[in-house]
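Residue numbers (the numbering used here): 214 to 610. For glycine and all other residues, C-beta sits at the position ideal for the given N, C-alpha and C. So the structure is just underneath, and the comments pick up after that.
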Amino acid sequence: MPAVEFRNIDIVFGADQKNALKLIDEGRSRDEILAATGSVLGAAGVSLAIERGEICVLMGLSGSGKSTILRAINRLNEVARGEVLVEHNGAAVDVARCSEETLRDIRMHTVSMVFQQFGLLPWRTVRDNVGFGLELRGMGAAERNRIVDEKLAMVGLTNWSEKYTNELSGGMQQRVGLARAFATDADILLMDEPFSALDPLIRDKLQDELLDLQRRIHKTIVFVSHDLDEALKLGNKIAIMEGGRIVQAGTAEDILLRPATAYVAEFVKHMNPLNVLRGTAVMRPAASLAREGDEVVLDKDGHVRLKVDGEGRPLSLDLDGRAGLLATADGEAGLIDDKLAHDADCIVAPVDLKLKAAIELKRHTDLPILLVDSLGRLAGLCDDDEIYRGLLRRLDG
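Given below as structure tokens:
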């Protein structure tokens, strides 16, 4: 069951919804619908599944419909047609049609929202702002303070708990908004351009902090942005919108390498692939490599061989009769001890290694980087040719 699923939803603002829906079915544009009915097309035929624990970024130009469908998840925007399913208490609930009582429960316990302009109460302290949702639930002061302290520590604001919001910088105020959302322990977080009002350096830092928090708390996050760099950095899934419709949805790599429309291609044409592409997108798959018994041949002449176990995990390296040294890089950033990198003949790295990190690792070895899956099994090789193809945004086949 997805955490959130849109099923062919249409959203229309205005009195003449009936005729507007007919024009949507005819494929008419937003301008045509406005001229004919006086109603504004907010979203048309939107279908999208967001899995549990995923960060899904809705992006597009201003007026594309991204905030409109975000706000349908907690029914701040009403749906004219279609279903908005939210996982609530183990069942899929259609937020667009559920009772007011169920909607209140969803808003109170399952879905929390972080606004662009922080949405803080200036007459309350940081502590009181963070605990506001818990207070509305009727939670006792002792338990509320325990949770607030925990969330303030999570976002690095423990020492600011008794300050008022006007005493905080913009970045700190946004952290208060994040802590307030986290305090409700909602499974689904809606974030409507939360960092867009901040300076670039602060925005970049908060993006990093959000990713770090996500690795620890594993929430489902629906994030609205008009910034492609931000979307590609944060999103496990990206949905690009134009005129109220989703024109492409997929991973950052899908969108960068295989834009579905000219509109998407224009969006991504200036993107640096180094920060987006991973080993999975550019590697030479292990299944395509020559093998002799339990050895994988790593070079054209057959002088460099990798011995693997029965599951395909690298065991040892043979350099034309000499034992080679395998070094392991940690994490997707490809970090490696300097001395070990200097001495290594070949480097083993995670398959989701970013291309930028692969280039850094290639400085330490003339041999291909061995990319392994989460179980340590050889998944493929990344050598100079694969890196060049990635930089050109081309894949074989």
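Asked, Found
"Contact the region 335-348 vs the region 387-405: 3+ CB pairs below 8 Å", "yes"
"Residues that Q461 bridges to, as DSSP identifies them", "I453"
"Boundaries of the alpha helix (DSSP H) in which D342 is found, first to last residue", "As written in the sequence, residue 342 is Asn, which differs from the Asp given in the question. Element bounds for N342: 339-343."
"Close Cβ partners of A172 (< 6 Å) along its chain, the five nearest in sequence each way excluded", "Residue 172 lies beyond the stretch modelled for the chain, which goes from 214 to 610, so this question has no answer here."
"Start-to-end residues for the beta strand (DSSP E) that takes in L591", "591-595"
"DSSP beta-bridge partners of A262", "E218"
"Length of the line joining the Cα atoms of R497 and D412", "40 Å"
"I401 in three-state terms, based on DSSP", "strand"
"The region 236-244 contacting the region 413-424, beta-carbon criterion three pairs below 8 Å", "no"
"Validate contact between the region 313-321 and the region 488-503 using beta carbons, cut 8 Å, 3 pairs", "no"
"4 or more residues per run - each alpha helix (DSSP H) lying fully within the region 267-329", "279-283, 313-318"
"Given N221 as reference, the closest of N290, S252, A262 once Cα atoms are compared", "A262"
"Proximity of E466 and A494 at Cβ, strictly below 8 Å", "yes"
"Residues sharing a beta bridge with P527, DSSP", "V521"
"Sheet register partners of T541 (DSSP bridge)", "V561"
"Local conformation of P498 per DSSP, three classes", "strand"
"Sub-8 Å separation of L403 and L283 beta-carbons", "yes"
"Classification of R340 by the beta-carbon crowding that lies within 10 angstroms, buried from 16 upward", "buried"
"Ranges of the alpha helix (DSSP H) found wholly within the region 359-428, counting only runs of at least 4", "383-396"
"Within 8 Å, strictly: CB atoms of A499 and G593", "yes"
"Three-state secondary structure (DSSP) of G603", "helix"
"Closest Cα partner of P581 within the set L591, I560, T323", "I560"
"Proximity of C595 and G525 at Cβ, strictly below 8 Å", "no"
"Minimum C-alpha distance to K231 - residue among A248, S252, A216", "S252"
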